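To convert, note that position 290 of the sequence shown is 294 in our numbering; the numbers rise steadily by one, no gaps.
Ideal placement from N, C-alpha and C gives every residue a C-beta, glycine not left out.
As the structure is a prediction and not an experimental result, all values here were calculated from the model.
The structure under discussion appears below in the form of structure tokens.
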Amino acid sequence: MPANTRHDDVLPGQQYLNLDPGLYIRPEVFQEERARIFNRSWQLMGPVSDVAASGHYLAIDIAGIPVFAIRGRDGVLRGFRNVCRHRGAKLLADGAGKCGLIVCPYHKWSFADTGRLVQAPWYGKDPAIIPEDWPLEPVSLAEWRGLLFAAIDPVESLLDQLGDLPEELADEPMESYQATDTATVSFDANWKVYTDNFVEGYHIPGTHPGFFAAIDFEAFATTAHKGYVKMTAPPKDGLFYRGKWLWMWPNWTLSLFDGGMNVSRINPSSVGHTDQHYHFFFADTAAGAEEARQKSVQGTLAVVREDYQVCVETHRNYAAGAYTSGPLSGHHERGVQYFQERVARALAL
Numbered sequence: 005m006p007a008n009t010r011h012d013d014v015l016p017g018q019q020y021l022n023l024d025p026g027l028y029i030r031p032e033v034f035q036e037e038r039a040r041i042f043n044r045s046w047q048l049m050g051p052v053s054d055v056a057a058s059g060h061y062l063a064i065d066i067a068g069i070p071v072f073a074i075r076g077r078d079g080v081l082r083g084f085r086n087v088c089r090h091r092g093a094k095l096l097a098d099g100a101g102k103c104g105l106i107v108c109p110y111h112k113w114s115f116a117d118t119g120r121l122v123q124a125p126w127y128g129k130d131p132a133i134i135p136e137d138w139p140l141e142p143v144s145l146a147e148w149r150g151l152l153f154a155a156i157d158p159v160e161s162l163l164d165q166l167g168d169l170p171e172e173l174a175d176e177p178m179e180s181y182q183a184t185d186t187a188t189v190s191f192d193a194n195w196k197v198y199t200d201n202f203v204e205g206y207h208i209p210g211t212h213p214g215f216f217a218a219i220d221f222e223a224f225a226t227t228a229h230k231g232y233v234k235m236t237a238p239p240k241d242g243l244f245y246r247g248k249w250l251w252m253w254p255n256w257t258l259s260l261f262d263g264g265m266n267v268s269r270i271n272p273s274s275v276g277h278t279d280q281h282y283h284f285f286f287a288d289t290a291a292g293a294e295e296a297r298q299k300s301v302q303g304t305l306a307v308v309r310e311d312y313q314v315c316v317e318t319h320r321n322y323a324a325g326a327y328t329s330g331p332l333s334g335h336h337e338r339g340v341q342y343f344q345e346r347v348a349r350a351l352a353l
């Protein structure tokens, strides 16, 4: 961006530049993002229905930091770091599952669903372990419209982070949709490269020819709001999308289908690798609707995979020092401007 220019200071007609490409490829910046963005924000875990019953858990990692939520025998949902207090091994595999005691696969330490250390077998008594001193480290949990979120060290409530999104989706019957499918897709590029791509439709004619033909691109609109970016375009007959795509700070998305939606979390595992975790929800989960559901699932994954190659190539150009910051379109890239300003503020740039 221009020197000393912040989002709130940008005037109509003022040129806005892409972020410094060095911010996308330097490992020390990624470590700062872990501390200042991912540790402090609410992160989408998945559907609350995955942890509806006692003993059911949902485990994810947040920019490499593993966490899980588990429904206790007392009915309480609790969150913890997915890390054994003994030597730091991972306790539960990523994804949804069920367990009684939480048993570390490394040295068999076991923990209750309250986080309490139950047993440290073969540890010895010189000195003996004091269970009360070594509970699992807690993380915060919050629910919204059937979705579960976790935060390691939140600086605001989930509703504050969501901003104006609840009003945007107030009329959407999200709770009537049931979770049916999951998918994880991965690519070798910085998470911000992909997010820049997601929050604009400018690339659609060049990157998504099939998608381009299925919407009225001349009517494509991108607007930035408190907590989210909204993209809309009138769909033509046959498109599985309903014509509204949302991105929420700092790294999750929601797209609408006829009778359903998907959500995804854009999760970096390193400065140059990103995993995108998808959950799909539908109103009609009958066997006879499977073909229609898969059209939406596979259609979504086909579109996002078209993005990955250009993101990988863009990241390589940034890493090679082949690119200096170029201009952002005032018409199509307001979402990019909003996202990049949020990143800049979080990193105190």
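Check: Chain-order list of residues whose beta-carbon lies under 7 angstroms from that of valine 143 (same chain, five-residue window excluded); Outcome: Val71, Gly83, Phe84, Arg85, Ala154, Ala155, Ile156
Check: Three-state secondary structure assigned by DSSP to glutamate 294; Outcome: helix
Check: Residue of Thr199, Phe42, Gly119, Glu147 minimising C-alpha distance to leucine 339; Outcome: Per the sequence presented here, residue 339 reads as glycine, with leucine not at that position. The residue with the shortest Cα to Cα distance from glycine 339 is Thr199.
Check: Status (buried if at least 16 other CB within 10 Å, exposed otherwise) for leucine 335; Outcome: At residue 335 the sequence reads histidine, which differs from the leucine that was named. Exposed.
Check: Counted within 10 angstroms of its Cβ, other Cβ atoms place valine 203 as buried (16 or more) or exposed; Outcome: buried
Check: Boundaries of the beta strand (DSSP E) in which arginine 269 is found, first to last residue; Outcome: 264-274
Check: Inter-residue Cα distance where the pair is glutamate 141 and asparagine 255; Outcome: 24 angstroms
Check: Assigned secondary structure, phenylalanine 285 (DSSP; H/G/I helix, E/B strand, else coil); Outcome: strand
Check: Where valine 314 falls: helix, strand or coil (DSSP); Outcome: helix
Check: Residue of His229, Gly210, Asp241 minimising C-alpha distance to isoleucine 219; Outcome: Asp241
Check: For aspartate 279: DSSP bridge partner residues; Outcome: Ser190, Asn271
Check: Distance CB(proline 272)-CB(phenylalanine 34) smaller than 8 angstroms; Outcome: yes
Check: Contact set for alanine 147: own chain, Cβ-Cβ below 7 angstroms, skip 5 residues either direction; Outcome: Contrary to the premise, residue 147 reads as glutamate rather than alanine in this sequence. Only Val52 meet the Cβ criterion.
Check: Beta-carbon gap between threonine 211 and valine 314 smaller than 8 angstroms; Outcome: yes
Check: Proximity to isoleucine 270 [Cα-Cα], best of Asp288, His283, Gln182; Outcome: His283
Check: Bridge-paired residues (DSSP) for histidine 335; Outcome: DSSP output for histidine 335 lists no bridge partner at all.
Check: C-alpha gap between tyrosine 110 and alanine 97, whole angstroms; Outcome: 13 angstroms
Check: Three-state secondary structure (DSSP) of glutamine 344; Outcome: helix
Check: Range covered by the beta strand (DSSP E) that runs through valine 233; Outcome: 232-236
Check: Start and end residues, alpha helix (DSSP H) containing isoleucine 208; Outcome: 208-211
Check: C-beta contact flag for glutamine 123 and tryptophan 46 at 8 angstroms; Outcome: no
Check: At least 3 beta-carbon pairs within less than 8 angstroms: the region 179-197 vs the region 316-328; Outcome: yes
Check: Buried or exposed (CB count within 10 angstroms, at least 16 for buried), serine 268; Outcome: buried
Check: DSSP state of valine 203 mapped onto helix, strand, coil; Outcome: coil
Check: Inter-residue CB distance, valine 107 and arginine 75 (contact presumed, cutoff 8 angstroms); Outcome: 17 angstroms between Cβ atoms; not a contact.
Check: Start and end residues, beta strand (DSSP E) containing aspartate 65; Outcome: 60-66
Check: Classification of proline 158 by the beta-carbon crowding that lies within 10 angstroms, buried from 16 upward; Outcome: buried
Check: Cutoff 7 angstroms; reference leucine 27; Cβ partners in own chain excluding five residues on either side; Outcome: Val33
Check: Rounded C-alpha distance that separates glutamate 295 from glutamate 136; Outcome: 52 angstroms
Check: Contact under 8 angstroms by Cβ, threonine 184 with threonine 289; Outcome: yes
Check: Paired residues, beta bridge with arginine 75 - DSSP; Outcome: Leu81
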